[in-house]
Amino acid sequence: GNRNSLIMSNNAAGFKNISLHSNRPINIGIGSLEFEIFGGRLEESKQSALVANKTSTGIPLYNAKNPNWRYLTGLTFSYQPKWLPGLFLGLTRIFQAYHTDINTFKEYVPFLTPFQKINTNDGDPIPRDQISSVYTRWLFPKTHAEVYFEYGANDNALDFRDFLGSPQHSRAYIFGFRKLIELNKKNEYIAISSEITQLSQTPDRLVRDAGTWYYHFELLQGYTNQGQVLGAGTGSGGDLQSLSINYLKDFKNIGFRFERSVHDQDYYEASIGDYNGQSRRWVDLSFAALGQWKFNQFLLNTELNYIHSLNYKWDQFQVDPNKYLQRGRDAENIQIRLGLTYKF
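Sequential numbering of the sequence shown, starting at 2, is according to the numbering used here.
Structure representation (structure tokens):
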């Protein structure tokens, strides 16, 4: 995606890794193929745990994590059909496990194991977490447009019958498009782009809980490095809708971006919920003005972002049970970003 990625993004710090990958498309007769296989080391967060480990009634607030570093490995490939120029089809499969649990070569390259759980007999031989996704991108050069889609699962189906019965189980997706509209003058365009990210669980969770994306019941660090999610910046259970409109001319870029971001819907549904017909979801509405100008060899980037948060941190004023609709505590924030690049 443009604003998000389900599996790997720049949301977390980088990590030490080795990889085997293609550096250009490989012609396989029926099209071209690109791939990457990698293995790396994920570290624990340096932040301390909660001060209080239990509530006043003795309920644990914190489960101690295994302090060992985690081994992350994955496979991704992209196929471009010969007969459909501009179309890309891809698959990504990621595994992680504590390095102390890995003993065999097969456990170092688990992406070669079957997708369906029914084919793994007694299940995973060691505690490990996996995430997989399929994606597609279709470019239309003549019309200066593209559409893209990524569909992922954090819990594989038992078999194909199970998938057909509940294809929405444990799913997350990203869908977006971009379009350039040519203006009358040379090298001038209006760029329109929109993207939807959906990480929250579907109503299917009421009868079959899939667990929150990037969480895992055995690897308590989840899908993180140094405490930051490796995937979508919206975080676990988060949803995002985005629309951008920009004017482009050479290096000049002036535009606006509108976004609606919902924080951790899974936590909200499990722990808070609506009250007396009133939604208490934590929703950020943002409007950003963007600019980029070139001065000689310098490239200046600016962004002014205004954010209005509804029910900030799910906080409510004192609830009156006799009132039907009640406002939560809202908050506002303004962000200013400046960037300067020198072109040699």
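All residues carry an ideal CB built from backbone N, CA and C; glycine is no exception.
query                                                                                                                                : result
Helix, strand or coil at Tyr215 [DSSP, three-state]                                                                                  : coil
Contacting residues, own chain, Cβ-Cβ under 7 angstroms from Glu147 (five flanking each side not counted)                            : Arg138, Trp139, Leu140, Phe141, Phe178, Arg179
Neighbourhood of Asp251 by C-beta distance below 8 angstroms, restricted to the same chain and skipping five residues each side      : Asn188, Lys295
Beta-carbon proximity list for Asp205, same chain, < 8 angstroms, skipping 5 on both sides                                           : Ser167, Gln169, His170, Ala211
Unbroken alpha helix (DSSP H) run spanning Leu165, endpoints                                                                         : 161-166
Collapsed DSSP secondary structure at Thr342 in the structure displayed                                                              : strand
Beta-carbon contacts of His100 that lie in its chain and below 8 angstroms, excluding the five residues immediately before and after : Arg42, Asn69, Trp70, Arg71, Tyr72
Ser310 to Ile246 span [Cα, whole Å]                                                                                                  : 23 angstroms
Beta strand (DSSP E) segments (min. 3 residues) lying fully within the region 2-34                                                   : 18-22
C-alpha distance - Leu21 paired with Gly228, whole-angstrom precision                                                                : 27 angstroms
Nearest candidate by alpha-carbon position, reference Phe257, set Asp267, Gly238, Gly292, Val135                                     : Gly292
Under the three-state DSSP convention, the category Ala146 falls into                                                                : strand
Secondary structure of Thr77, DSSP reduced to three states                                                                           : strand
Residue closest to Tyr313, alpha-carbon to alpha-carbon, out of Tyr343, Asp321, Glu333, Arg4                                         : Glu333
Proximity to Leu220 [Cα-Cα], best of Leu339, Arg129, Thr77, Leu341                                                                   : Arg129
Beta-carbon spacing of Leu241, Thr198 below 8 angstroms                                                                              : yes
Which listed residue (Asn323, Leu339, Ala154) has its alpha carbon closest to that of Thr303                                         : Leu339
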